[in-house]
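Participant: The following block contains the structure, expressed as structure tokens.
Chains as they are written, first to last, in the numbering used here: chain A, 1 to 438; chain B, 439 to 876.
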């Protein structure tokens, strides 16, 4: 090749950083051929040097590359490209901004930072004329951000439905397939390494909400931050919900939902568990796999499926971005910058149009269905189906009433449920969940 | 915006061309915002003017844009971008080459041309420093070529399994779901517009073979033409094959298969019907939908799913490419060119490693299984499972023997089947199909 190498600074050397360093070495010849110049590691910034100095038996890098001085590394004049896989807001943001200030293009896997303050990063990239890529921030190895930013650039996205958190999908898959409760399924996920000791970020939907913000921003050319996202986790999903879903030939999934309103004048962004029909392509996404289902005006329905986490898959996404940024160094040009021209308002959750599935434990006596139906009507919520059956195991004289509504505002639906709880004949709400994907 | 528009020449105004013209008009503001300059139709080359001059009620373009002089249109000095949706080898190739010669970037949906002579087009694009994009040539709206060329550029693709022909997938879906035979299902597909009056290109696998060549070329950085692809269509798939697949909890699909050999030193590219397990993500791709399943070393399993044909979906892919090429006009840079550095040989089909499912109608007498097993052993083909059952409807004394082999070369497997046919005890081979996706 003869050309001098492009220098890559790697920030972070955990599971993902280690996999990136490994691919840079094992794939070196292919990468050089695809880029037109070789890539060379300039340095690897780590928190604790001691861990790395003995060398990793499986990591073919010179121990002299490790440094604890991340700021010094990104300020080096010879660095062309910076890969940030530290995660979290700081010091990642300062390092990325310093790297760009220094003229380097940046590849990041940092969903939290992109979802909280992507605008600052984009502004810095624009000012310096460098690239900012972050495919690995959403759905790991699955190419979804590049297709959204580029392949669908001539189309109009209407809806994005994503299973973007592997931990919660594993838990919900176990609950569906084995009948386990949430806590039992969580313990199993933890034992298998699919859930962390503190699973809050996953099971409370924070991780999915950050990804939803990123997806919505790209889909609708509008700035969306994690704080704009309505978020409900899966900790309150019960075995009864899963059984109810099964009875409707549906399955419970934690969905990241980004949607354009009918009139195209606002967007809704939310993360919550929902029942989707088993015939929906997302329903067969099992265990820790991720998938993103996109509905476009011209392209129709698309789905992107693969592994959402793990060192290899995430590193694959990082390397794809690195090749793109490196090619721009060699041949000129830049990847797409922030596209927020549409600048649409984010609708509050109450104004979002949804459908509810409600299972009620009611007294088995005449007039109950009429009373229940009256509550729905009082909020202008129309009912699609009602099923009623006597309960075997319940108190004598109990029945179960399962109502699926037509679409209504979430505010009307939630006010309806609040009123239902106050009805004399209603002994309890045994399952309450939104219905999507129909 | 104030910037002068980029001029687009559209070659062809059938279903896809019409949809492209429509999107250029309805999405004009969005496209301008995403590109940084507006796009403007410079002209539309059509074969017969009379059809178009009365105006299309649903096509908001100036009738004065239509011309029968395609060569004159691509030679115009003001044309920046050319969209070729004529199809076929000539005059499409000459027009594309003339357009590039004239300095225009080209977006094509022409799978036949790319699969036959992509090298010539790439060479011209390189020489002129223009872009050549063709996302719409494979799997319609599904972003698969850009992810393969760009997102996976840091990874190594091992296998591509694609359902890339909607017509045959529709027919096979009907055969699976209703028990229809091939001819009945084909007639149904024709009645619904999923198959053409002359369905040869689809049912004989020519269309899928062209797409397989394109996918293999991108996946393995090697030149592959349609002539390199081993091709078998679905005309010989019988209701008995479908029943046999069902008994194995499998389904018959026409697959485009591109694979790197174990040692990474050669590639195999083939199109043929195969049985895949119902648990495989491709098994649930129904009717006219397409999907491409990709296995990579680092990213693991990925799948891309959506509509493989139709005006809107194909136009969406064309417009995505058009935005990319237009952005390069505005901001500099170029998309990736041909990547054929690996230059791997394409293995003959006989050397390809596959597995067979063979159903035999055999005499129900002692020693038959031993004789059959001896034939497999004689070709070094090892057997994974054998099932034997008496036939209800057959001749008295008949039994069915269903054999699934372990992996062996296709030549050994096909020689085995030829020898089986010669065995006295074998009355007939009732189903013979390769097994994939396990």
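Beta carbons: idealized from backbone N, C-alpha and C, even for Gly.
#1: List, in chain order, every chain B residue whose beta-carbon is nearer than 8 angstroms to that of residue 327(A).
#2: Does residue 17(A) get closer than 7 angstroms to chain C when you measure Cβ to Cβ?
#3: Which residues of the stretch 205-237 of chain A have a Cβ closer than 8 angstroms to any Cβ of chain B? Give them in chain order.
#4: Could you have a look at residue 262(A) and say whether DSSP puts it in helix, strand or coil?
#5: Near residue 46(A), which residues of its chain fall below 6 angstroms by C-beta distance, leaving aside the five closest residues on each side in sequence?
#6: Quick one: is residue 501(B) buried, meaning 16 or more other Cβ sit within 10 Å of its Cβ, or exposed?
#7: If you pair each beta-carbon of the stretch 31-43 of chain A with each one of the stretch 321-328 of chain A, do three or more pairs fall below 8 angstroms?
#8: Measuring alpha carbon to alpha carbon, tell me which of 234(A), 405(A), 191(A) ends up nearest residue 201(A).
#9: Could you give the DSSP three-state label for residue 871(B): helix, strand or coil?
#10: Mind checking if residue 266(A) is an interface residue toward chain B, Cβ cutoff 7 angstroms exclusive?
#11: Does the stretch 304-324 of chain A touch the stretch 588-602 of chain B, meaning 3 or more C-beta pairs lie closer than 8 angstroms?
#12: With a threshold of 6 angstroms (Cβ to nearest heavy atom), would residue 638(B) be considered close to the ligand GDP?
#13: From the DSSP output, in three-state form, read off residue 560(B) for me.
#14: If we define contact as Cβ-Cβ less than 7 angstroms, is residue 754(B) a contact residue for chain A?
#15: What does the alpha-carbon distance come out to for the pair residue 261(A) and residue 5(A)?
#16: What does residue 734(B) reach in chain A if we use C-beta pairs closer than 7 angstroms?
#17: What first and last residue would you give for the beta strand (DSSP E) that runs through residue 498(B)?
#18: When the Cα atoms are used, what is the spatial distance from residue 121(A) to residue 337(A)?
#19: Give the DSSP-derived three-state secondary structure of residue 821(B) in the structure shown.
#20: Locate the beta strand (DSSP E) running through residue 327(A), then write down its first and last residues.
#21: Give every residue of the same chain whose Cβ lies closer than 8 angstroms to the Cβ of residue 195(A), excluding the five residues on either side of it in the sequence, and list them in chain order.
#22: Can you pull the chain B residues whose beta carbon is under 9 angstroms from the beta carbon of residue 34(A), in chain order?
#23: Use the C-beta contact count for residue 249(A): other C-beta atoms within 10 angstroms, 16 or more gives buried, fewer gives exposed.
#24: Between residue 323(A) and chain B, is any beta-carbon pair separated by less than 7 angstroms?
#25: DSSP state of residue 476(B), grouped into three classes?
#26: How about residue 535(B) and residue 562(B): do their beta carbons lie closer than 7 angstroms?
#27: In three-state DSSP terms, what is residue 804(B)?
#28: Relative to the C-alpha of residue 852(B), which residue among 838(B), 865(B), 829(B), 795(B) is closest?
#29: Taking 8 angstroms as the threshold, find out whether the stretch 82-92 of chain A comes into contact with the stretch 107-119 of chain A through three or more Cβ pairs.
#30: Thinking C-beta only, is residue 3(A) closer than 7 angstroms to residue 158(A)?
#31: When DSSP labels each residue in this structure, what does residue 133(A) get in the three-state scheme?
#32: Got a sec: is the Cβ-Cβ distance from residue 869(B) to anything in chain A below 7 angstroms?
#33: At least one CB of chain B closer than 7 angstroms to the CB of residue 114(A): is that the case?
#34: May I have the straight-line CA-CA distance separating residue 576(B) from residue 131(A), to the nearest angstrom?
#35: Take residue 541(B) and list the residues in its own chain whose beta-carbon comes closer than 7 angstroms to its own, dropping the five residues that flank it on each side.
#36: For residue 330(A), is the classification buried or exposed, using 16 other Cβ atoms within 10 angstroms of its Cβ as the cut-off for buried?
Facilitator: According to the structure data:
#1: 774
#2: Of the chains in the structure shown, none is chain C; the protein chains are A and B.
#3: 221
#4: coil
#5: 13, 52, 66
#6: exposed
#7: yes
#8: 234(A)
#9: strand
#10: no
#11: yes
#12: The model on display carries no ligand, and the ligand GDP is accordingly not part of it.
#13: helix
#14: yes
#15: 48 angstroms
#16: 316
#17: Per DSSP, residue 498(B) belongs to no beta strand (DSSP E) and is neither H nor E.
#18: 10 angstroms
#19: strand
#20: No beta strand (DSSP E) contains residue 327(A), which is instead part of the alpha helix (DSSP H) from 311-331.
#21: 167, 170, 171, 186, 189, 202, 203
#22: 591, 592, 659, 774, 777, 779
#23: exposed
#24: yes
#25: coil
#26: yes
#27: coil
#28: 795(B)
#29: yes
#30: no
#31: strand
#32: no
#33: no
#34: 29 angstroms
#35: 566, 568
#36: exposed
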